[in-house]
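Those protein sequence lines, which keep their order, are chains A and B.
Residue 1328 is where the first sequence starts when you use the numbering used here, and the numbers rise one by one after that.
Residue 59 is where the second sequence starts when you use the numbering used here, and the numbers rise one by one after that.
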Amino acid sequence: MNRHLLSSADLSRDEIESILETAEQMHDIQRRDVKKLPTLRGRTIINLFFEDSTRTRSSFEIAGKWMSADTINVSGKGSSTSKGESLRDTVRTLTAMGVDCIVIRHQASGAAHQVAGWVDASVINAGDGTHEHPTQALLDAYTMRSRFGSLEGRHVVIVGDVAHSRVFRSNLITLHRLGARVTVVAPPTLMPAGVGAWSSVDGFTTSWDLDEVLYADDPPDAVMMLRVQRERMSGGFFPTEREYTVGYGMTRERFERLLGRNPDCLILHPGPMNRGLEISADAADAVGSSLVLDQVSSGVAVRMSVLYHLLAFGDEVAS
Amino acid sequence: MSDLVITGGRLLGRAAGDIRVSRGRIEEVGTRVERTAGAEVVDADGAVVLPGLVDLHTHLRQPGFEDAETVASGSAAAAAGGFTAVLAMANTDPVTDTAEAAERILDLGRRAGLVDVVPVGAVTKGLLGDELAELALMNRSRARVTVFSDDGRCVQDARVMRRALDYIRAFDGVISQHSQDSSLAGPAACCHEGELAGRLGLPGWPAPAESVIIARDAELARHTGARVHVAHVSTAEGVDVIRWAKARGIRMTAEVTPHHLALGTELLTGYDPVFKVNPPLRPTEDQEAVRAALADGTIDAVATDHAPHARHDKEHTFATAASGMLGLETALGVVAEVMVATGRLDWAGVAERMSLAPARIAGLANHGRAIEAGEPANLVVIDPATAWTVDKEQSASLSRNNPWHGRTLPARVVATVFQGQVTHR
Chain A
1328 MNRHLLSSAD LSRDEIESIL ETAEQMHDIQ RRDVKKLPTL RGRTIINLFF EDSTRTRSSF
1388 EIAGKWMSAD TINVSGKGSS TSKGESLRDT VRTLTAMGVD CIVIRHQASG AAHQVAGWVD
1448 ASVINAGDGT HEHPTQALLD AYTMRSRFGS LEGRHVVIVG DVAHSRVFRS NLITLHRLGA
1508 RVTVVAPPTL MPAGVGAWSS VDGFTTSWDL DEVLYADDPP DAVMMLRVQR ERMSGGFFPT
1568 EREYTVGYGM TRERFERLLG RNPDCLILHP GPMNRGLEIS ADAADAVGSS LVLDQVSSGV
1628 AVRMSVLYHL LAFGDEVAS
Chain B
59 MSDLVITGGR LLGRAAGDIR VSRGRIEEVG TRVERTAGAE VVDADGAVVL PGLVDLHTHL
119 RQPGFEDAET VASGSAAAAA GGFTAVLAMA NTDPVTDTAE AAERILDLGR RAGLVDVVPV
179 GAVTKGLLGD ELAELALMNR SRARVTVFSD DGRCVQDARV MRRALDYIRA FDGVISQHSQ
239 DSSLAGPAAC CHEGELAGRL GLPGWPAPAE SVIIARDAEL ARHTGARVHV AHVSTAEGVD
299 VIRWAKARGI RMTAEVTPHH LALGTELLTG YDPVFKVNPP LRPTEDQEAV RAALADGTID
359 AVATDHAPHA RHDKEHTFAT AASGMLGLET ALGVVAEVMV ATGRLDWAGV AERMSLAPAR
419 IAGLANHGRA IEAGEPANLV VIDPATAWTV DKEQSASLSR NNPWHGRTLP ARVVATVFQG
479 QVTHR
């Protein structure tokens, strides 16, 4: 395995499966009273977050602590211009203190790639702009796998602000590697640039019509609703919330009709949710169908597994 | 000032001949010219001799950004690249928007003494796009500014552009437009809008942001009868509009950069800001379109858009790093690779696109001339057969944002002659 996890494309199918299997062991440990593992004792991990994040940062922090690493949170000041301290200075200053791993979240696409070129430490991409978020894709896969057993041949529909979604980009790669089929649904203005060429190269389907996809002859096994940022409206990507919800929201009516087609269909959302905009409470909280809370709880186990594979592979997981 | 004899060079890549230079002028061209005692000799046997290259688009960064380049260091890079005249863009600090500022740059260029440094004047005060700069005073100054540009920014307001075009007719000026509709491609736009921008999650810079401005400016040039020049055209759509305008007799000229001829969007995959440039690198189809347009004359000139940046301005995320790349020292080699080696231009064609046409557009009487007795001795001697590998550390520029580093180019500059003196060899 690579020293870094920058893109979901860094992981082969075998590596993904190996991470998910280790995550299961970690999940077991999570249920113990004493959760601490000695695996990363003496290692230092910096969570370098240039963007606000509650769940990703805290789950990386807990994951590191439970594995006995020294974890430090640093809030980087996001600079919107190229003046002042460069990103290179910031990360080199931090690693000069003797850090083993940098977990980085940055508002700029490619930031993790660049940092990996500047430092000796392992770098984990915890979300870079509108590019990728590989550990989110791993935990989504982990969550779905815990229901499906395998993702091979499963049909996953991803709905929402695909253009600006790093969750989408990483999920697309990871789901493909695990043998799932992906359909992407969004209004034309929220599709990524060049999606036509991209989808034909990578073999996924796109649609502007959610109902057509949900009620097709092969209804989805899972529907992943992406967060729609309200500022997209001022950007003119769609006219009103109401219009978006009617076209692309997982409303109660849609959800019920979907379960009528496939009672086992799962609902995912990477959070934070805009209830009433892209997802209704009925879908988000549906017992048995909604995986939203499972996504959060598996986040720690999956990140423990990633830290283990990157920093301590070969050592015993539990002792 | 010693005399100079260039022996055996193929003039414009055609018949071989000797050139004798004295007191800054070509004295004699022929097969057996007299070698004055004590004359400096450039052995050009097997080499190609062209009129010195002229760059319509250079950023010399002085005043204001001397950590990236100075007029002197940029002049040295220009001479090393075979140039004898460069137009220095106005986006310095302070901006070149007055006669005094233009004369200051002219004087810095004369002091460096390696090429003619010709200031470009800002179209609007402070490049802000609102009020016209003192266009006529800059033209009347010692710097005789004829090319105006807000480069780095586009004159967005059609009314301002129309007034500027109308106004400069009085002295046959020309506006070099950085064609970028900011409502379609704002300051964040940094990757050609297409499949790769989608994959990389980088803000897209769509082709119509360029072509709609070219189309608007063509109509304004038609209406006013003024001259407009399209800086660094990068898209097939932009080329289409230029072709359309020229077919209607509109006074529109255009340039393309070496990097838009030869480097593609795929280089952005590693998020290395050295490949960040505005307009951005484009896909293969666009590269093919600008090559074809340069070959058929739709695009008049090659211009470098040499844009030095200090290291600390490039060591940021891709989205926030400064835009621009070096180009003066590599332009000729790139054109040789993309246009000459492929048979799309012969050496006379290179002379037209890199010397005659840009000199004509900028109104430079001493450049882009025939290689004949009585003409100013601004010349470049090119070895068309010795490949060389670009090493960014071996550069006269103060900056190292060199996207050509490590590439092998097929032709190199053997010597540059400016006003009869060898400025590089």
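Heads up, the beta-carbon is just placed ideally off N, CA and C, and yes, glycines get one too.
Just so it is clear, the structure is predicted and the values come from calculations on it, not from any experiment.
Simplified DSSP assignment, three categories, for residue i
i, result
"arginine 83 (chain B)", "strand"
"glycine 132 (chain B)", "helix"
"glutamate 313 (chain B)", "strand"
"threonine 1408 (chain A)", "Its pLDDT being 47, under 50, threonine 1408 (chain A) is placed unreliably by the model, and the measurement read from it follows with that caveat. Coil, per DSSP."
"valine 270 (chain B)", "helix"
"glutamate 1459 (chain A)", "strand"
"tryptophan 462 (chain B)", "coil"
"methionine 383 (chain B)", "strand"
"arginine 427 (chain B)", "coil"
"glycine 1603 (chain A)", "coil"
"tryptophan 405 (chain B)", "helix"
"alanine 1438 (chain A)", "helix"
"tryptophan 446 (chain B)", "strand"
"phenylalanine 1377 (chain A)", "coil"
"valine 1361 (chain A)", "coil"
"isoleucine 1485 (chain A)", "strand"
Whole-angstrom distance between residue j and residue i, CA atom to CA atom
i, j, result
"alanine 95 (chain B)", "serine 199 (chain B)", "41 Å"
"serine 237 (chain B)", "isoleucine 64 (chain B)", "42 Å"
"aspartate 1455 (chain A)", "serine 1632 (chain A)", "21 Å"
"glycine 140 (chain B)", "alanine 289 (chain B)", "21 Å"
"glutamate 277 (chain B)", "threonine 156 (chain B)", "28 Å"
"alanine 1439 (chain A)", "valine 393 (chain B)", "35 Å"
"serine 1579 (chain A)", "valine 1512 (chain A)", "Per the sequence presented here, residue 1579 (chain A) reads as arginine, with serine not at that position. Their Cα atoms are separated by approximately 18 Å."
"leucine 166 (chain B)", "threonine 1371 (chain A)", "53 Å"
"glutamine 477 (chain B)", "histidine 1491 (chain A)", "56 Å"
"serine 1646 (chain A)", "tyrosine 1635 (chain A)", "Since pLDDT at serine 1646 (chain A) reaches only 44, below the 50 mark, its modelled position is unreliable, and no value is offered."
"glutamate 86 (chain B)", "valine 408 (chain B)", "23 Å"
"glutamine 1434 (chain A)", "threonine 1457 (chain A)", "8 Å"
"glycine 1506 (chain A)", "proline 461 (chain B)", "39 Å"
"threonine 1408 (chain A)", "glutamate 1378 (chain A)", "Residue placement at threonine 1408 (chain A) cannot be trusted, given a pLDDT of 47 that sits under 50; the coordinates are not used to answer."
"isoleucine 1451 (chain A)", "proline 1461 (chain A)", "9 Å"
"serine 1550 (chain A)", "arginine 1569 (chain A)", "Before going further, note that residue 1550 (chain A) is valine rather than serine in the sequence given. Straight-line Cα distance between these residues: approximately 21 Å."
"threonine 481 (chain B)", "valine 232 (chain B)", "29 Å"
"arginine 1384 (chain A)", "phenylalanine 1376 (chain A)", "8 Å"
"aspartate 344 (chain B)", "tyrosine 225 (chain B)", "34 Å"
"valine 75 (chain B)", "glycine 66 (chain B)", "It should be pointed out that residue 75 (chain B) corresponds to glycine in this sequence rather than to valine. If you take the alpha carbons of glycine 75 (chain B) and glycine 66 (chain B), they lie about 5 Å apart."
"aspartate 1341 (chain A)", "alanine 473 (chain B)", "58 Å"
"arginine 169 (chain B)", "leucine 422 (chain B)", "19 Å"
Cβ separation of residue i and residue j, assumed to be a contact under 8 Å, to the nearest whole Å
i, j, result
"isoleucine 1343 (chain A)", "leucine 1465 (chain A)", "7 Å"
"threonine 282 (chain B)", "arginine 217 (chain B)", "Contact doesn't hold; Cβ gap of about 12 Å is too wide."
"valine 173 (chain B)", "alanine 143 (chain B)", "6 Å"
"valine 1426 (chain A)", "isoleucine 1500 (chain A)", "Not a contact, Cβ separation roughly 28 Å."
"proline 109 (chain B)", "serine 413 (chain B)", "4 Å"
"threonine 116 (chain B)", "threonine 362 (chain B)", "6 Å"
"glutamate 251 (chain B)", "alanine 1520 (chain A)", "5 Å"
"alanine 279 (chain B)", "serine 207 (chain B)", "Actually they do not touch by this definition, with Cβ atoms about 15 Å apart."
"serine 240 (chain B)", "cysteine 212 (chain B)", "7 Å"
"alanine 469 (chain B)", "glycine 391 (chain B)", "6 Å"
"serine 1526 (chain A)", "threonine 1533 (chain A)", "5 Å"
Residues near residue i by beta carbon distance below 6 Å, same chain, minus five either side
i, result
"tryptophan 405 (chain B)", "Leu70, Gly71, Val106"
"methionine 196 (chain B)", "Ala157, Ala160, Gly179, Val203"
Cutoff 7 Å; reference residue i; Cβ partners in own chain excluding five residues on either side
i, result
"alanine 1608 (chain A)", "Arg1602"
"arginine 427 (chain B)", "Pro109, Glu433, Pro434"
"arginine 1474 (chain A)", "Leu1593"
"alanine 1555 (chain A)", "At residue 1555 (chain A) the sequence reads valine, which differs from the alanine that was named. Gly1487, Asp1488, Tyr1571, Asn1601, Leu1604, Glu1605."
"alanine 1336 (chain A)", "Ile1500"
Below-8 Å beta-carbon distance, residue i vs any chain D residue
i, result
"arginine 1481 (chain A)", "The chain labelled as chain D is not found among the protein chains of the depicted structure, namely A and B."
Quick one, which residues of the stretch 1434 to 1448 of chain A are near chain B if we go by CB-CB under 7 Å, in chain order? Ala1435, Ser1436, Gly1437, Ala1438, His1440, Gln1441
Residues in the stretch 1522 to 1536 of chain A having any Cβ partner in chain B nearer than 7 Å: Val1522, Ala1524, Trp1525
Could you run through the stretch 246 to 269 of chain B and flag, in chain order, every residue whose CB is less than 9 Å away from some CB of chain A? Cys249, His250, Glu251, Gly252, Glu253, Leu254, Ala255, Gly256, Arg257, Leu258, Gly259, Leu260, Pro261, Gly262, Pro264
Taking only beta carbons into account, state which residues of the stretch 1415 to 1428 of chain A come closer than 7 Å to chain B, listed in chain order. For the stretch 1415 to 1428 of chain A, which is checked against every Cβ of chain B, the residues closer than 7 Å are Arg1415.
Mind listing which residues of the stretch 358 to 378 of chain B have their C-beta closer than 7 Å to chain A's C-betas, in chain order? His370, Asp371, Glu373, His374, Thr375, Phe376, Ala377, Thr378
Output needed in chain order: residues of the stretch 210 to 227 of chain B with a Cβ under 8 Å from some Cβ in chain A. none
Any C-beta of chain B within less than 7 Å: which residues of the stretch 1328 to 1345 of chain A qualify? none
Interfacial residues, the stretch 326 to 351 of chain B to chain A, with Cβ spacing under 7 Å: Gly328, Tyr329
Against chain B: residues of the stretch 1455 to 1478 of chain A by CB proximity under 8 Å: Asp1455, Gly1456, Thr1457, His1458, Glu1459
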